[in-house]
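Here's the structure, in structure tokens; my notes come after.
2 protein chains.
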Amino acid sequence: MAQLSDAIERFIKDLMSEETHIELRRNELAQHFGCAPSQINYVLATRFSVDHGYLIESRRGGGGYVRIVRMRARQEGNLLDMLIKRVGNSIDEDTANAITQHLLDCELVTPNEARLLRAATGRNALALPVSGKDVLRAAVFKNMLIQVFKNAEGGV
Amino acid sequence: MAQLSDAIERFIKDLMSEETHIELRRNELAQHFGCAPSQINYVLATRFSVDHGYLIESRRGGGGYVRIVRMRARQEGNLLDMLIKRVGNSIDEDTANAITQHLLDCELVTPNEARLLRAATGRNALALPVSGKDVLRAAVFKNMLIQVFKNAEGGV
DNA sequence: TTTATTGACCATCTTTGACTATTATAGCGC
DNA sequence: GCGCTATAATAGTCAAAGATGGTCAATAAA
Chain P
1099 MAQLSDAIER
1109 FIKDLMSEET
1119 HIELRRNELA
1129 QHFGCAPSQI
1139 NYVLATRFSV
1149 DHGYLIESRR
1159 GGGGYVRIVR
1169 MRARQEGNLL
1179 DMLIKRVGNS
1189 IDEDTANAIT
1199 QHLLDCELVT
1209 PNEARLLRAA
1219 TGRNALALPV
1229 SGKDVLRAAV
1239 FKNMLIQVFK
1249 NAEGGV
Chain F
1099 MAQLSDAIER
1109 FIKDLMSEET
1119 HIELRRNELA
1129 QHFGCAPSQI
1139 NYVLATRFSV
1149 DHGYLIESRR
1159 GGGGYVRIVR
1169 MRARQEGNLL
1179 DMLIKRVGNS
1189 IDEDTANAIT
1199 QHLLDCELVT
1209 PNEARLLRAA
1219 TGRNALALPV
1229 SGKDVLRAAV
1239 FKNMLIQVFK
1249 NAEGGV
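Chains as they are written, first to last, in the working numbering: chain P, 1099 to 1254; chain F, 1099 to 1254.
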């Protein structure tokens, strides 16, 4: 049931558990998992995006590599500002979920709180014409983020 | 003679007798019972709804699944039923806040979680024509309540 | 009438492959 | 050795195919 993408994600996260960054060969990794090299890109794009708190750097050609960097946890006040900007006036569900996952990974929210964030911004909650959903999600999400960080700074 | 639906219901409940949640493949199960896959959805919708104390999560695509989660103890489950009914299809902000306060008083949510509930259902979050706000708030709030009552061990 | 069943069509997530882009290195002529 | 080019060694992109599950309305059964 654990499919390829999940296995590759796990593998990478295990490698990174003690490191702030790792370097790997895309083709080697693909061979290790017996899959197409572009599969690696898919995993990086869907599970190691900036919104997830990672940076990808790479280089082609001989001696090429893919480097995965865990972004340094910023000052929390700053993080809120950045997240609010990132959310902007409109945000899709995947991006919102990525941010929520990132907050969970950083232990800035509890698993229960993460569930609430997802519940309030998921497609089921927002029963609206598609065009309006992202805008509404942004508004709801921002309000929740502010509360998350208000708490972190000890307010009420 | 017991209906197909009843047989599927029993099958699932047997699987869950020892577990707080199970995961299954919709198509596999349908094949096992020799029925249309959508039959499974029918059974889930009519016998494993929130009213029945269950929660369904699923994922499409390769490695997809349907997860059935049993919600918390009956007493609290009843409270959820009542709350869901109370919320209905439309709820104003004051009423939603009163419910949140009640959950907080009962210690069914933490202060942080209460803040998230308010943040997601407050008038700031729901930037819509007044007529639609209450309806949307009901949808969002219900999704969040369900998460609050979800069995803590019930998966992601 | 109400409940159950099915099937056609839709939405989402994953995997692959063909084609493209970039970089290093080996050979070559000078 | 120097500069140029061809080739090999990487990685990236994107669209198509594959693998699931969801929805809804028509039909059948109770």
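For each residue, glycine too, the CB sits at the ideal point set by N, CA and C.
- The residue among F/Ile1189, F/Thr1118, F/Glu1126 and F/Leu1206 with its C-alpha nearest the C-alpha of F/Ile1166 is F/Thr1118.
- Close CB contacts of F/Arg1108 within its chain, under the 6 Å cut and outside five residues either way in sequence, are absent.
- Using a CB distance below 9 Å, the part of the region 1213-1228 of chain F facing chain P consists of Arg1213, Leu1214, Leu1215, Arg1216, Ala1217, Ala1218, Thr1219, Gly1220, Asn1222, Ala1223, Leu1224, Ala1225 and Leu1226, ordered along the chain.
- Chain-ordered, the chain F residues with CB closer than 8 Å to the CB of P/Ala1237 read Asn1222, Ala1223, Leu1224 and Ala1225.
- At a cut-off of 7 Å between beta carbons, F/Gly1160 contacts chain P.
- Residues of chain F with a Cβ closer than 8 Å to the Cβ of P/Gln1199 do not exist, since the nearest Cβ in that chain sits about 10 Å away.
- Listed by position along chain P, the residues whose Cβ is nearer than 9 Å to that of F/Ile1182 form an empty set, because the closest Cβ is around 13 Å away.
- Across the set P/Asn1125, P/Leu1202, P/Arg1168 and P/Leu1214, the C-alpha of P/Leu1214 shows the shortest separation from the C-alpha of F/Val1207.
- Straight-line measurement puts the Cα of P/Leu1181 at about 10 Å from the Cα of P/Leu1201.
- Counting only runs of 3 or more residues that sit fully inside the region 1163-1243 of chain P, the beta strand (DSSP E) segments are 1163-1168, in chain order.
- Neighbours of P/Gln1101 across chain F, judged by C-beta separation under 8 Å: Gly1160 and Gly1161.
- Secondary structure of P/Arg1123 (DSSP, three-state): coil.
- Burial check for P/Gly1151: the Cβ neighbour count within 10 Å reaches 16 or more, so the residue is buried.
- For F/Ser1156, there is no enclosing alpha helix (DSSP H); the enclosing beta strand (DSSP E) covers residues Tyr1152 to Arg1157.
- With fewer than 16 other Cβ atoms inside 10 Å of its own Cβ, P/Ser1136 counts as exposed.
- Three or more pairs of CB atoms, one per stretch, sit closer than 8 Å, so the region 1215-1223 of chain F contacts the region 1230-1239 of chain P.
- Going by DSSP, F/Lys1111 is part of the alpha helix (DSSP H) stretching over Leu1102 to Met1114.
- For the region 1202-1213 of chain F, the beta-carbon criterion of a distance under 7 Å to any beta-carbon of chain P is satisfied by Asn1210, Glu1211 and Arg1213.
- Per DSSP, reduced to three states, the secondary structure at F/Thr1144 is helical.
- Taking a beta-carbon distance threshold of 7 Å, F/Gln1245 counts as an interface residue toward chain P.
- Judged by DSSP in its simplified three-state form, F/Ala1128 adopts helix.
- Counting the other CB atoms within 10 Å of its CB gives P/Leu1153 a total below 16, which places it among the exposed residues.
- Contact between P/Ile1138 and P/Arg1124 holds: their C-beta atoms lie close to 5 Å from each other, under 8 Å.
- When the five nearest sequence neighbours on each side are left out, no beta carbon in the same chain lies closer than 8 Å to the beta carbon of P/Gly1161.
- Contact annotation, F/Leu1122 with F/Val1148: C-beta distance approximately 19 Å; criterion of less than 8 Å not satisfied.
- Rounded to whole angstroms, the separation of the alpha carbons of F/Leu1178 and F/Ala1105 is 28 Å.
- Within chain F, no C-beta atom comes nearer than 9 Å to that of P/Asp1192; the closest sits roughly 13 Å away.
- Cβ-Cβ separation between F/Leu1113 and F/Ile1120: approximately 5 Å, consistent with a contact (criterion under 8 Å).
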